[in-house]
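Enquirer: Sharing a structure here in structure tokens format.
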Amino acid sequence: MKITVLPGDGIGVEVTREAVKVLSAVGPAFGITIETESHLIGGAAIREKGSPLPEETRAACSASDAVLLGAVGAPEYDHLLPENRPEIGLLQLRQLLGGFANLRPAKAFPALIDSSPLRREIFDGTDMLIVRELLGGLYFGQPRAIGADEAYNTMRYSVTEVDRVARVAFESARVRGKKVTSVDKANVLETSRLWRETVNKVAKDYPDIELEHLFVDACAMHLVTAPTRFDVILTENLFGDILSDEAAVLTGSLGMLASATIGGAIDLYEPVHGSAPDIAGRDIANPLGAIASVAMLLRHTAKSDEAARCIESAIDRVLVEGHRTADLTTDKAAATGTGAIGDLVTRYAVELARERSSANAA
Ligand code: IPM
Ligand code: MN
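Okay, here's the thing in structure tokens:
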């Protein structure tokens, strides 16, 4: 497999290094050769090439089997308009690759239950998948503009856009807890009326899946009062952005969560967290979200559920053994570094892969 790696800005560089380490070791153990090539995106690309998504990065991504991204965003560009910021590189990349369904799983890691801001009895057993529509809504709607006294963005959705992402949610629910919670603001927004009507139509093709609708404000509340009630959450772009940060941090740290963007020409994998410039370059960032993203890559793009599970089990083992990056412990002096966590996951995942292949041979 040809993987284009886009480390991007801040801790993106460190966490993708660890993710590539794990992927390059585990892939071959399952007969998947991994060829990686790094390119610039975001602030790093603006600095060197004058553009947040340079032509050579576009070309490399278009010619690969999957793209692994770290994070984009840097404080030196904070004063710029959205159209000139590093983030636009990521938005253009998403459009280029065409994936419209962003899968963000959030579950309680047993070893981290006490790192959750929620009480154990509320959070224990939480296991949800947020399916965020990624190419529509306010992020891309036209017209958009800023003037001296006013600015506007357009929220727009078509039936086709809602239909296709809703199907991903229902299909996902089929292999999980068989429930979809569609989140909208249908008491106020026309786009949400269309969203709800379309989801109801799609649901007719999935009689085995339970469907409920929630307004986004209620969903935000239920996420912290009763997170175990969710299986698959289906929602539009901006609501999904907000709710996935909320869901992620419930697991103990935003650094834990992975994402996959599917449905387009080329799949895109990225941790849910940002570039965290305040902690960049210090070997303290949590690489597990990026590492879990390559597990998703092996599952969705390389179609090796076994390889994905080796990485996920290795992550569990690292946590059960008590290794913690600084974001997961109050005892900062005892924290394990980014690189050391990557080494441990690699070692355990490869061990598991070997055990499997010798079990298969026996
Ligand atoms: C995310 C990020 C991005 C988004 C930013 C960096 C453009 O917050 O992936 O959740 O808003 O989609
Ligand atoms: Mn976000």
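First residue of the sequence shown? That's 320 in my numbering, and the numbers climb one at a time after it.
Note that CB positions come from ideal geometry on N, CA and C, so glycine has one too.
Just so we're clear, the structure is a prediction, and the values are computed from it rather than from any experiment.
#1: Taking only three categories from DSSP, how would you classify Y588?
#2: Taking all protein chains shown into account, do 16 or more other C-beta atoms lie within 10 angstroms of the C-beta of E589, making it buried, or fewer, making it exposed?
#3: Would you report the Cα separation of P526 and V450, rounded to the nearest angstrom?
#4: Where does Y396 fall in DSSP's three states?
#5: Sort out for me which residues DSSP pairs M447 with in a bridge.
#6: Identify whether G658 lies in helix, strand or coil by the three-state DSSP scheme.
#7: Where DSSP assigns a beta bridge to Y471, which residues make up the other side?
#8: Can you check the region 459 to 543 for any alpha helix (DSSP H) of at least 4 residues that lies completely inside it and give the ranges in chain order?
#9: Identify, in the order they occur along the chain, each residue of the same chain with its Cβ nearer than 8 Å to the Cβ of A545, setting aside the five sequence neighbours on each side.
#10: Use the C-beta contact count for E631: other C-beta atoms within 10 angstroms, 16 or more gives buried, fewer gives exposed.
#11: Would the C-beta of D328 count as close to the ligand MN, meaning under 6 Å from any of its heavy atoms?
#12: With a threshold of 16 other CB atoms inside 10 Å of the CB of H398, please say whether the residue is buried or exposed.
#13: Grouping DSSP H, G and I as helix and E and B as strand, with all else coil, what is S381?
#14: Which one of R628, F428, L557 has the shortest CA to CA distance from E669?
#15: Report the residue from Y471, S370, L448 whose alpha carbon sits nearest the alpha carbon of R493.
#16: Whole angstroms are fine: how far does the CA of I610 sit from the CA of G661?
#17: Just the Cα atoms here: how many angstroms apart are P326 and R463?
#18: Just to be sure I understand the criterion: a residue counts if its Cβ is closer than 6 Å to at least one heavy atom of the ligand MN. Which residues meet that?
#19: Considering Cα atoms alone, identify which of Y396, T445, F459 is closest to N475.
#20: Per DSSP, which residues does A577 bridge with? Please list them.
#21: Could you tell me if N403 is buried or exposed, where buried requires 16 or more neighbouring beta carbons within 10 angstroms of its beta carbon?
#22: Once you ignore the five residues that flank V341 on each side, which residues in its own chain have a CB closer than 7 Å to its CB?
#23: Are there any heavy atoms of the ligand IPM lying less than 6 Å away from the beta-carbon of L409, as far as the coordinates show?
#24: So T323 is in the beta strand (DSSP E); what residue range does that whole segment cover?
#25: In terms of residue numbering, what span does the alpha helix (DSSP H) encompassing S612 cover?
Expert: Result, derived from the coordinates:
#1: Three-state DSSP puts Y588 in a strand.
#2: By the neighbour-count rule (16 or more Cβ atoms within 10 Å), E589 is buried.
#3: Computed Cα separation, rounded: 19 Å.
#4: In the three-state DSSP reduction, Y396 falls in the helix class (H, G or I).
#5: Answer is A425, bridged to M447.
#6: The answer is helix: DSSP assigns G658 an H, G or I state.
#7: BP columns for Y471 point to A464.
#8: Whole alpha helix (DSSP H) segments, 4+ residues: 478 to 493, 509 to 522.
#9: I441.
#10: Burial state of E631 is buried, judged by a 10 Å Cβ sphere holding 16 or more other Cβ atoms.
#11: No heavy atom of the ligand MN is found nearer than 6 Å to the CB of D328.
#12: Exposed is the label assigned to H398, since fewer than 16 other Cβ atoms lie within 10 Å of its Cβ.
#13: Annotated three-state conformation of S381 is helix, per DSSP.
#14: For the sequence presented, residue 669 should be read as Val rather than Glu. Ranking the options by Cα distance to V669, first place goes to R628.
#15: Ranking Y471, S370, L448 by Cα distance to R493 puts L448 first.
#16: Their Cα atoms are separated by approximately 8 Å.
#17: Taking the straight line from one Cα to the other gives about 29 Å.
#18: Selection output, chain order preserved: D560, D564.
#19: Note that residue 475 corresponds to Arg in the displayed sequence, not to Asn. Among Y396, T445, F459, the Cα nearest to that of R475 belongs to F459.
#20: Answer by DSSP bridge pairing, in chain order: P590.
#21: By the neighbour-count rule (16 or more Cβ atoms within 10 Å), N403 is not buried but exposed.
#22: The beta carbon of V341 sits closer than 7 Å to the beta carbons of I610, V613, I630, G661, V664, T665, A668 from its chain, once the five residues preceding and following it are set aside; these are given in chain order.
#23: Placement of the Cβ of L409 at a distance of less than 6 Å from at least one heavy atom of the ligand IPM is found.
#24: Where T323 is concerned, the enclosing beta strand (DSSP E) stretches over 321 to 327.
#25: For S612, the enclosing alpha helix (DSSP H) has its first and last residue at 607 to 619.
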